[in-house]
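Engineer:
Residue numbers (my numbering): 8 to 474.
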């Protein structure tokens, strides 16, 4: 079991115990505060009645589900006590109201304020026990983090002067450097970057570090932008110092590392809150499942249309590059004649003779994209995110837009801000222009922005603005 999972289970177990004790104590207080409960004939009968046990079990499950949704368990290591306090405060406050309503929904209320004191008692008990136990665990984790034997094991990557900076600030960053890999401006060709990436991956599998720390002052010849793409599939945190960022700099995600001596930015994370990430994940899974069920008749109709439009399979699949550079197969309704792309990949364009008449109509309404709901349900894609591209075009895109690699930090989407503005790109230049809007999305990811893009997408579909 990894260290992260050990810490996560510790917090979950602590919350279950704290919530369970809180539920017991609140029911004792409630028994002696509500005259209606005296009909049970005794405290033991009240606490262990079938109805009360069922409600209490539902309440405990609700609390843990809410804490999970809040994102509290997403990053169990290197927690900020300030962030922990605010996350605990709002989740416990919201949970107290909902749990209280579950308990008293069938109670006889004598006046609107007769139960208000019980709500505050419930909130006080839960906050004291849950946050108190969390704080104890976090304090213990901080003491362990300050123990040099438990510092984060990292591989230091960069120029000689960058490596020197990381070494000098290792104590403030609380890192133990297990290997050093020097980077020079000579690593500019594709083959050199690939070889450098292979060297780092070999060191990674040998030393099993917890993160990669990169310090290499950015220049036109710097290989860092291309190197990141080689490192994302490792699935570990990657930190850059501020001087190593490409010209198109992301807004830094505030983390504990920024509070120490050398400002480091975690480029494998976005500015989206952990709560928003969890809500987005839940929405993607639930909405895609519901949509696939409700749209089944439309799928059947479109399948008949595609089958009659031309010979060939109904569905079309193609390999695209997803989160962390992982290849996956994207699914669409086939809109082109079979054998339309026999040589090197070719982008579609207005009046493209490869597109079937039925396919042209489906593209206008974006109906060909509907099978990607299955990709969303599988976890390969999200409803909203940068559009996934083929490796062939990615290799060209990064020559014009080096920041494109950072878009692989998030799941690709069925729709995106770039798709709303451009739809299907016909040239590399249009793909670069579209990627700029995807970059703006990446820098400003939020649930509100996702909702805005979905609304604009619906408008695009209804007006048949696709191409």
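Beta carbons are placed, not taken as given, at the ideal position from N, Cα and C, and that holds for glycine.
Is there contact between the region 453-473 and the region 409-424, where contact requires at least three CB pairs shorter than 8 Å?
Structural biologist: Yes: the two stretches touch, three or more of their Cβ pairs being nearer than 8 Å.
Engineer: By how many angstroms is the C-alpha of residue 68 removed from the C-alpha of residue 62?
Structural biologist: Your numbering for residue 62 matches position 55 in the chain shown. Your numbering for residue 68 matches position 61 in the chain shown. Looking at the two C-alpha atoms, the distance is approximately 10 Å.
Engineer: Does residue 13 pass the burial test, meaning 16 or more other C-beta atoms within 10 Å, or should it be called exposed?
Structural biologist: As a working mapping, residue 13 is identified with position 6 in the chain shown. When all chains shown are included, residue 13 counts as exposed.
Engineer: Look up residue 361 in the DSSP assignment and say whether it is helix, strand or coil.
Structural biologist: By one-based count along the chain shown, residue 361 stands at place 354. The answer is coil: DSSP assigns residue 361 none of H, G, I, E or B.
Engineer: Short of 8 Å in beta carbon distance, which residues of its chain neighbour residue 219, apart from the five on each side in sequence? Order them along the chain.
Structural biologist: Against the chain shown, residue 219 aligns to sequence position 212. Same-chain partners within the cutoff: 161, 162, 164, 207, 211, 238, 241, 243, 244, 245 and 246.
Engineer: Per DSSP, residue 339 forms a beta bridge with which residues?
Structural biologist: Numbered from 1 along the chain shown, position 332 holds the residue referred to as residue 339. DSSP, once it has assigned bridges, lists 323 as partnering residue 339.
Engineer: When DSSP labels each residue in this structure, what does residue 273 get in the three-state scheme?
Structural biologist: As a working note, residue 273 is residue 266 in the chain shown. It is a strand residue.
Engineer: Taking the alpha carbon of residue 189 as the reference point, which residue from 288, 221 and 394 has its own alpha carbon closest?
Structural biologist: Numbered from 1 along the chain shown, position 182 holds the residue referred to as residue 189. Closest by alpha carbon: 221.
Engineer: I'd like to check one pair, residue 157 with residue 151: are the Cβ atoms closer than 8 Å?
Structural biologist: Residue numbering aside, residue 151 sits at position 144 when the chain shown is read from its first letter. Residue numbering aside, residue 157 sits at position 150 when the chain shown is read from its first letter. In contact: residue 151 and residue 157 (Cβ atoms closer than 8 Å).
Engineer: Quick check on the DSSP output: the alpha helix (DSSP H) that includes residue 27 runs from which residue to which?
Structural biologist: Position 20 of the chain shown, counting from 1, holds the residue named residue 27. 10-40 is the span of the alpha helix (DSSP H), which, as asked, contains residue 27.
Engineer: Helix, strand or coil for residue 391 per DSSP?
Structural biologist: Reading the chain shown from its first residue, position 384 is the one you call residue 391. It is a strand residue.
Engineer: Sort out for me which residues DSSP pairs residue 220 with in a bridge.
Structural biologist: What you label residue 220 is simply residue 213 of the chain shown in a count that begins at 1. According to DSSP, which records beta bridges pairwise, residue 220 is partnered with 163 and 246.
Engineer: Which residues in the same chain have their Cβ closer than 6 Å to the Cβ of residue 78, if we skip the five residues on either side of it in sequence?
Structural biologist: Numbered from 1 along the chain shown, position 71 holds the residue referred to as residue 78. Correct list, in chain order: 281, 282 and 285.
Engineer: Less than 8 Å separating the beta-carbons of residue 274 and residue 235?
Structural biologist: On the chain shown, position 267 is the one that residue 274 refers to. On the chain shown, position 228 is the one that residue 235 refers to. A contact, by the Cβ cut-off of 8 Å.
Engineer: Cα separation between residue 81 and residue 385?
Structural biologist: The count along the chain shown starts at 1 and reaches residue 81 at position 74. The count along the chain shown starts at 1 and reaches residue 385 at position 378. Cα to Cα, the separation comes out at about 20 Å.
Engineer: Buried or exposed: where does residue 86 fall if 16 or more other Cβ atoms within 10 Å of its Cβ makes it buried?
Structural biologist: On the chain shown, residue 86 is found 79 positions in, with the first residue counted as 1. Residue 86 should be labelled buried.
Engineer: Under a three-way DSSP split, which group does residue 189 fall into?
Structural biologist: For this step, residue 189 is matched to residue 182 along the chain shown. Strand.
Engineer: Going along the chain, which unbroken runs of the alpha helix (DSSP H) with 4 or more residues stay wholly within the region 63-122?
Structural biologist: Runs of the alpha helix (DSSP H) inside the region 63-122: 88-111.
Engineer: Cutting at 6 Å between CB atoms, please list the residues of its own chain near residue 254, excluding the five before and the five after it.
Structural biologist: On the chain shown, position 247 is the one that residue 254 refers to. Summary for residue 254: the model assigns pLDDT 49, below 50, so the residue's position carries little reliability, and this model does not support an answer.
Engineer: In whole angstroms, what separates the C-alpha of residue 390 from that of residue 75?
Structural biologist: Residue 390 sits at position 383 when you count from the first residue of the chain shown. Residue 75 sits at position 68 when you count from the first residue of the chain shown. Going from the Cα of residue 390 to the Cα of residue 75 covers about 22 Å.
Engineer: For residue 420, report the span of its beta strand (DSSP E) as first-last.
Structural biologist: On the chain shown, position 413 is the one that residue 420 refers to. Unbroken beta strand (DSSP E) run through residue 420: 420-422.
Engineer: Report the partner residues of residue 459 according to the DSSP bridge assignment.
Structural biologist: Numbered from its first residue, the chain shown carries residue 459 at position 452. Answer is none; residue 459 lacks a bridge partner.
Engineer: Tell me the rounded alpha-carbon separation between residue 399 and residue 437.
Structural biologist: Here residue 399 corresponds to residue number 392 of the chain shown, with the count starting at 1. Here residue 437 corresponds to residue number 430 of the chain shown, with the count starting at 1. In a straight line, the C-alpha of residue 399 is about 16 Å away from that of residue 437.
Engineer: Could you please give the first and the last residue of the uninterrupted alpha helix (DSSP H) stretch that includes residue 139?
Structural biologist: Here residue 139 corresponds to residue number 132 of the chain shown, with the count starting at 1. Counting along the chain, the alpha helix (DSSP H) containing residue 139 begins and ends at 139-153.
Engineer: Going straight from the alpha carbon of residue 288 to that of residue 452, what length do you get?
Structural biologist: On the chain shown, position 281 is the one that residue 288 refers to. On the chain shown, position 445 is the one that residue 452 refers to. Looking at the two C-alpha atoms, the distance is approximately 14 Å.
Engineer: Just reading off the alpha helix (DSSP H) that residue 51 is part of, what are its end residues?
Structural biologist: The sequence position of residue 51 within the chain shown is 44, counting from 1. Per DSSP, residue 51 belongs to the alpha helix (DSSP H) from 50-54.
Engineer: When the Cα atoms are used, what is the spatial distance from residue 363 to residue 295?
Structural biologist: By one-based count along the chain shown, residue 363 stands at place 356. By one-based count along the chain shown, residue 295 stands at place 288. If I take the Cα positions, the gap works out to 27 Å.
Engineer: Within this structure, are the beta carbons of residue 346 and residue 392 separated by less than 8 Å?
Structural biologist: Position 339 of the chain shown, counting from 1, holds the residue named residue 346. Position 385 of the chain shown, counting from 1, holds the residue named residue 392. For residue 346 and residue 392, no; Cβs fall outside 8 Å.
Engineer: Do residue 328 and residue 320 have their C-beta atoms within less than 8 Å of each other?
Structural biologist: On the chain shown, residue 328 is found 321 positions in, with the first residue counted as 1. On the chain shown, residue 320 is found 313 positions in, with the first residue counted as 1. Taking 8 Å as the Cβ cut-off, residue 328 and residue 320 do not qualify as a contacting pair.
Engineer: For the alpha helix (DSSP H) that contains residue 382, what are its first and last residues?
Structural biologist: One-based indexing of the chain shown puts residue 382 at position 375. Run containing residue 382: 379-385, per the alpha helix (DSSP H) assignment.
Engineer: Beta-carbon within less than 6 Å of residue 182's beta-carbon, same chain only, minus the 5 sequence neighbours each way: which residues are those?
Structural biologist: Walking along the chain shown from the start, residue 182 turns up at place 175. Closer than 6 Å at the Cβ level, and outside the excluded window around residue 182, lie 158, 159 and 161.
Engineer: Since I believe residue 33 is in contact with residue 129 (beta carbons under 8 Å), could you give me their beta-carbon distance rounded to a whole number of angstroms?
Structural biologist: Residue numbering aside, residue 129 sits at position 122 when the chain shown is read from its first letter. Residue numbering aside, residue 33 sits at position 26 when the chain shown is read from its first letter. So it is a contact: roughly 5 Å between Cβ atoms.
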